[in-house]
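Undergrad: Take a look at this one; I'll ask things after.
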Amino acid sequence: MSETMDRFRISASAAERIAAIVAGEDDAKALRVEVLAGGCNGFQYKFDLTGAIEDEDYVVERDGAKVVVDPASLDLLDGAELDYKDTLMGAYFAVGNPNAKTSCGCGTSFSVE
835 MSETMDRFRI SASAAERIAA IVAGEDDAKA LRVEVLAGGC NGFQYKFDLT GAIEDEDYVV
895 ERDGAKVVVD PASLDLLDGA ELDYKDTLMG AYFAVGNPNA KTSCGCGTSF SVE
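Here it is in structure tokens:
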């Protein structure tokens, strides 16, 4: 299911990087963003390329890039934005999540209390 509301957004830099990655893959159509139990704060983000989009998934599109989020993860990502950062320290996807009360230093795990 495509989502038209702003429950989860993709920045321009993330859309550009996703489109470039997917263009180089035969089977991938989108980037799947999931929230899993674990990490040093209770939840952690997981990023995977996927060719499978389920009926219940939320699909967010920007500039030709697709991000897929399952309904359970979307509850924890409500209002968040996926960004792509390319700095001297490295290049990576980062989630700006207003629901995260605390996060670890690397930004891949968080808690919601």
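Residue numbers (this note's numbering): 835 to 947.
Where is the CB? At the ideal position from N, CA and C, for every residue including glycine.
1) I'd like the span of the beta strand (DSSP E) that includes E868, first residue to last.
2) Let me confirm a value: A906 is counted as buried when at least 16 other C-beta atoms fall within 10 Å, else exposed. Which label applies?
3) Quick check: the Cα distance between D897 and I852, rounded to an integer number of angstroms?
4) So what does DSSP say about I852, is it helix, strand or coil?
5) V902 and R866 look like a contact to me (Cβ under 8 Å); what is the Cβ gap, rounded to whole Å?
6) Flag A854 as yes when its Cβ comes closer than 6 Å to any non-hydrogen atom of the ligand MG, and as no otherwise.
7) With DSSP run on the structure shown, which of helix, strand or coil describes A914?
TA: According to the structure data:
1) Within the sequence shown, the letter at position 34 stands for residue 868. It spans A864 to A871 - the beta strand (DSSP E) in which E868 sits, taken as one unbroken run.
2) Position 72 of the sequence shown, counting from 1, holds the residue named residue 906. So A906 counts as exposed.
3) Position 63 of the sequence shown holds residue 897. Position 18 of the sequence shown holds residue 852. Looking at the two C-alpha atoms, the distance is approximately 10 Å.
4) Translated into the one-based positions of the sequence shown, residue 852 becomes position 18. Reduced to three states, the DSSP call for I852 is helix.
5) For this step, residue 902 is matched to residue 68 along the sequence shown. For this step, residue 866 is matched to residue 32 along the sequence shown. Confirmed, Cβ separation roughly 5 Å.
6) Absent from the structure shown: the ligand MG. Ligands present: none.
7) For the purposes of this step, residue 914 is taken as the residue at position 80 of the sequence shown. Correct three-state label for A914: strand.
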